[in-house]
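Numbering-wise (numbering that gives the first Met the number 0), the sequence shown opens with residue 0 and increments by one.
Where a beta carbon is used, it is the ideal one built from N, C-alpha and C, also for glycine.
Bear in mind the structure is a predicted one, so any value in this text is a computation, not a measurement.
The structure appears right after this line, and notes come after that.
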Amino acid sequence: MNTVLEQIQKIGIVPVVVLDDTKDAEPLAKALCEGGLPCAEVTFRTEAAEECIRIMAEKFPEMLVGAGTVLTTEQVDRAVNAGAKFIVSPGTNPEVVRYCVEKGIPVTPGTANPSDVEVAIGCGLNVVKFFPAEPLGGLKLIKAMAAPYVNVKFMPTGGINENNVREYLAYDRILACGGSWMVKDSLVKAGDFDKIRELTKEAADIVKEIRG
Numbered sequence: 000m001n002t003v004l005e006q007i008q009k010i011g012i013v014p015v016v017v018l019d020d021t022k023d024a025e026p027l028a029k030a031l032c033e034g035g036l037p038c039a040e041v042t043f044r045t046e047a048a049e050e051c052i053r054i055m056a057e058k059f060p061e062m063l064v065g066a067g068t069v070l071t072t073e074q075v076d077r078a079v080n081a082g083a084k085f086i087v088s089p090g091t092n093p094e095v096v097r098y099c100v101e102k103g104i105p106v107t108p109g110t111a112n113p114s115d116v117e118v119a120i121g122c123g124l125n126v127v128k129f130f131p132a133e134p135l136g137g138l139k140l141i142k143a144m145a146a147p148y149v150n151v152k153f154m155p156t157g158g159i160n161e162n163n164v165r166e167y168l169a170y171d172r173i174l175a176c177g178g179s180w181m182v183k184d185s186l187v188k189a190g191d192f193d194k195i196r197e198l199t200k201e202a203a204d205i206v207k208e209i210r211g
């Protein structure tokens, strides 16, 4: 497995971040690192995303900063040039996946069914995102899909929170979980980074509780 994905597995929960203002990037990264989850998937669907990735990567080099909602190879280049260490997409776009694989960039494309998983395997991957996790059937569906794909690990995202993350983390085929409950939009916009740090610490403690 790629070393970046190994790091993500150790961290256990990847905060999925939406940033509309670059001024929030540094204090948010600080809160996540101090809370015990030195990782962020910055969604690439806001105008500020690229610069936020750059700020977080430069100010906190120990942090694993990635780009989410990446839909094109052009966005891959922009994200990586800004400092993104991994790429996440909502679906499996073979062009984007192969582009990342050829360039040695860790990528976890979104999958929703066995056909998506097979496309990802065909591109040379053994770790995929499962999205949107809860609306699709959650852990029950992941376990059913994992059975025939013995070498694949999953990173479920979508509807995962402090109440259900334990059961996901306890399953050995889950690499990590993506979640946004500790970095809610309302908290970021209010500048309540103390609360974000507190919720991040609680999430990091859950990882330790389940995975040791």
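- Annotation for E40: the continuous beta strand (DSSP E) segment containing it runs 38–42.
- By the CB criterion at 8 Å, F129 and I120 fall outside the cutoff.
- Short of 6 Å from the beta carbon of F192, and not among the five residues preceding or following it, lie these beta carbons of its own chain, in chain order: P26, A30.
- By the 16-neighbour rule on beta-carbons within 10 angstroms, S114 is exposed.
- For the options P108, F59, T42, the alpha carbon positioned closest to that of C32 is the one of F59.
- The residue among V75, A81, P89 with its C-alpha nearest the C-alpha of Y98 is V75.
- The alpha carbon of V118 has as its nearest neighbour, out of G137, I104, G177, T91, the alpha carbon of T91.
- Closest by C-alpha distance to N150, out of N162, E166, P134, V127, is V127.
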